[in-house]
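Q:
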Amino acid sequence: MENTRKIVLIMADTQRCDMLGCYGNTDMKTPNIDRLASRGMLFRRAYTTQPVCGPARSAIFTGTYPHSNGSWGNSMPLGANVKTICFYRLYGVK
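Numbering (our numbering), first residue to last: 902 to 995.
1. Is it right to say SER939 is buried, meaning 16 or more other beta carbons lie within 10 angstroms of its own, or is it exposed?
2. Distance check for ALA957 and PRO978, CA to CA, integer angstroms please.
3. DSSP state of ASP914, grouped into three classes?
4. Straight-line CA distance for ASN970 to PHE944?
5. Let me check understanding here. Comparing Cα to Cα, which of LYS907, LYS984, MET929 lies closest to MET920?
6. Where GLY922 and THR915 are concerned, what is the direct C-alpha to C-alpha distance, given to the nearest angstrom?
7. How close, in whole Å, do the beta carbons of THR949 and THR985 come, if the pair is a contact with beta carbons under 8 Å?
8. Answer yes or no: do SER976 and PRO967 have a C-beta to C-beta separation smaller than 7 Å?
Okay, here's the thing in structure tokens:
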């Protein structure tokens, strides 16, 4: 069997890093996220293509900027011809 890595993205809506214990806020009790962070990857410096959640997610799943994929605001669908990572996985496109 092929040795492949699995990646899990956890995207909480409006969850700033200063509201998590793993980023140093001792007043916040987030034991499950803290445990995941201690055993996985914790980004100390991350940037987004858009400060609005929908377009930021569209960039992650398409590999394109929101102004290119059609979702430059919340509740805006992707363009009809935009391919997502699901398309590439399903059809074996590299």
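Every residue gets a Cβ at the ideal spot worked out from N, C-alpha and C, and that includes glycine.
A: A quick look at the data gives this:
1. exposed
2. 13 Å
3. coil
4. 26 Å
5. MET929
6. 16 Å
7. Between THR985 and THR949 the Cβ distance is about 18 Å, and since that is not below 8 Å, they are no contact.
8. no
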